[in-house]
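To start, the structure under review is shown below, and the notes come after it.
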Amino acid sequence: MEANTPSQSIISCAQENNDTKTAPAAAYGSSPFPITAARGSKDDLSNTIHSTLAHMNLRNQIKGAGASLNITILDDYHDTIRTLKCFSKLSGHNVTIWNDHTENIDILHDRLKDTEVLVLIRERTQIREALLKRLTKLKLISQRSVYPHIDIDACTRQKVIVSSDQHPGTPSYAAAELTWGLIIAAMRQIPQQMAALKEGKWQTGVGYGLRGKTLGIYGYGRIGRTVARYGQAFGMNVIVWAREASLNRAQMDGFPVADSKNVFFEECDIISLHMRLVDATRNIVTASDLARMKSTALIVNTSRAGLIEPSALVNALLAGRPGMAAVDVYEEEPVLDTSHPLLIMDNVVCTPHIGYVSRDEYEIQFVDIFNQITAYCAGKPVAVVNPEVLDAWKHNEND
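Residue numbers 0 to 398, in numbering that gives the first Met the number 0, belong to the letters of the sequence shown in order.
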């Protein structure tokens, strides 16, 4: 699917920023690694030398060990990245930014054929082996968070490093805040009332309050925990359903857990999904689960559409159980068809996958992403998902 944006523009920006005090990223890899083992044993000295040589060998895999790299950033829909403070970290490199989205492998190859470092914005573009085999100059993919859209094994075979900081212990507050915004918007019918008011209609419906309602958190990770605490602040009764380890964490935090999955879906007034999409969680919410919900209940999904059985949500809403939905994620993205079933239902509040899309969150995410590039330029890659690539380079150096 292609996103027909008003401007499918390419922004080429070879960074020669003389106004910034940030040193060019190339400078980080320009000097030899020091060997400092003067007072150590012979073994210490030997280990240090081998470690240093390994780093130097890795640096030698990088074009010019400090020269300007060709960096491409895909899917920057809002042309935001180059306006971030942290963008100066790429000073000295040749940076190309694409604002539109394409899944066409030939177009992607044409855009990326000279790319050495590829920056991905979450899961917007699929990186599979058929494309990777054609990107002979690609050495590093830098992104943040989970990576179901990347064929890691194929990257390893093509000797492409994947760096992806998992930000342990740090929730996406942007995603949690959007979740709460959708809950309030859906329960109080805010979008519907706004639309009616613009048509000259006054008070066209009656919504629901939150205090005293039962909020169900399905999946108790970092974002789920944050949303649960928001529920407490609003005077809601919060219960949790998840895998056993997550249930134990919820209980340690003082949240009750449901007696069963069936009871969870039957008793909650609002259910919010907070799980990663992996094989074990794909289609974890079934049509029969949704049918157990109250006719006045709301289901919220700001995680992944694949958590719910295909078409099950639309069919459940048409059947009246649950009575409402608020979604930020879809089975196919981007959604450009205005006749999409969820977009034309009066009992659904929709946003275009903006859970993590805030300027504050972008600054946090891209500091990590650009730091990963800086570390690579220094010959010391960080947050490496496929360390086998590094092992292969070290093995080649020893040979």
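Quick reminder that beta carbons are idealized off the backbone N, C-alpha and C, glycines included.
Asked	Found
I want to know whether the stretch 248-265 touches the stretch 290-300 - three or more CB-CB distances under 8 Å.	yes
Suppose contacts are defined by Cβ-Cβ distances below 8 Å. Is I120 in contact with I140 by that definition?	no
Which residues share a DSSP beta bridge with M323?	L297
Take V381 and list the residues in its own chain whose beta-carbon comes closer than 7 Å to its own, dropping the five residues that flank it on each side.	S162, Q371, A374
Using the C-alpha atoms, what's the distance from Y329 back to H339?	10 Å
From the DSSP output, in three-state form, read off Q250 for me.	helix
Hey, out of N69, Y76, K84, whose CA is closest to D367's CA?	K84
With burial defined as no fewer than 16 other Cβ atoms inside 10 Å of the residue's Cβ, what is the status of E115: buried or exposed?	buried
Could you name the residues of the same chain whose beta carbon sits closer than 7 Å to that of I405, not counting the 5 residues immediately before and after it, in chain order?	The structure shown does not extend to residue 405, since the chain is modelled only from 0 through 398, so no value can be given for it.
According to the neighbour-count rule (16 or more other Cβ atoms, all chains shown, within 10 Å of its Cβ), is W201 buried or exposed?	exposed
With the cut-off set at 8 Å, would you say L130 and I151 are in Cβ contact?	no
Would you mind sorting H92 into buried or exposed? The rule is 16 or more other CB atoms within 10 Å of its CB.	buried
Using DSSP with H/G/I as helix, E/B as strand and the rest coil, what is D406?	One cannot answer for residue 406 here, as it falls past the ends of the chain, which runs 0 to 398.
Decide if A194 is buried, meaning its Cβ has at least 16 other Cβ atoms within 10 Å, or exposed.	exposed
For L214, which residues from the same chain have a beta carbon less than 6 Å from its beta carbon, with the 5 sequence-adjacent residues on both sides left out?	G230, M235, V237, I269
Tell me whether I149 sits in a helix, a strand or coil according to DSSP, three-state version.	strand
Rounded to whole angstroms, what's the CA-CA distance from Q250 to V256? Just pull it up for me.	7 Å
Just to confirm before moving on: does the CB-CB distance between D74 and L177 stay below 8 Å?	no
Where does P309 land, buried or exposed, given buried means 16+ other C-beta within 10 angstroms?	exposed
Could you say which of L297, G378, G305 lies nearest to V284 if we only look at CA atoms?	G305
Given T155, which residues of its chain have a CB within under 7 Å of its CB, disregarding the five upstream and five downstream residues?	N385, E387, V388
Under DSSP, the alpha helix (DSSP H) around W179 begins and ends at which residues?	172-186
For the alpha helix (DSSP H) that contains Y217, what are its first and last residues?	Note, Y217: premise wrong, no alpha helix (DSSP H); beta strand (DSSP E) at 213-217.
Once you ignore the five residues that flank L191 on each side, which residues in its own chain have a CB closer than 8 Å to its CB?	The displayed chain sequence assigns Gln, not Leu, to residue 191. Excluding residues within five positions, the ones whose Cβ falls inside 8 Å are T203, G204, D345.
Using 10 angstroms around the beta-carbon of D390, count the other beta-carbons present and answer buried if the total reaches 16, otherwise exposed.	exposed
Ordered along the chain, which non-local residues of its own chain (more than five positions away) have a Cβ less than 8 Å from that of K260?	W240, D288
If you drop the 5 nearest sequence neighbours on each side, which residues of the same chain put their C-beta closer than 6 Å to that of I183?	none
Give the secondary structure of C349 by DSSP, where H, G and I count as helix, E and B as strand, and everything else as coil.	strand
Taking Cβ positions, are Y355 and A232 nearer each other than 8 Å?	no
Based on the DSSP output, what are the partners of L139 in its beta bridges?	V116, I160
Among all the DSSP beta bridges, which residues are the ones paired with L272?	Y217, N300
At the level of alpha carbons, what is the spacing between H77 and M186?	30 Å
So is V348 buried or exposed if we call it buried at 16+ other beta carbons inside 10 Å?	buried
State the Cα-Cα distance for the pair S90 and I96, rounded to the nearest angstrom.	14 Å
Taking C-alpha atoms, which residue in P351, P147, D109, T82 lies nearest to T135?	D109
Checking 8 Å against the spacing of the C-beta atoms, do R369 and K138 come in under that value?	Note on residue identity: the sequence assigns Phe, not Arg, to residue 369. Cβ distance not < 8 Å, so F369 and K138 don't count as in contact.
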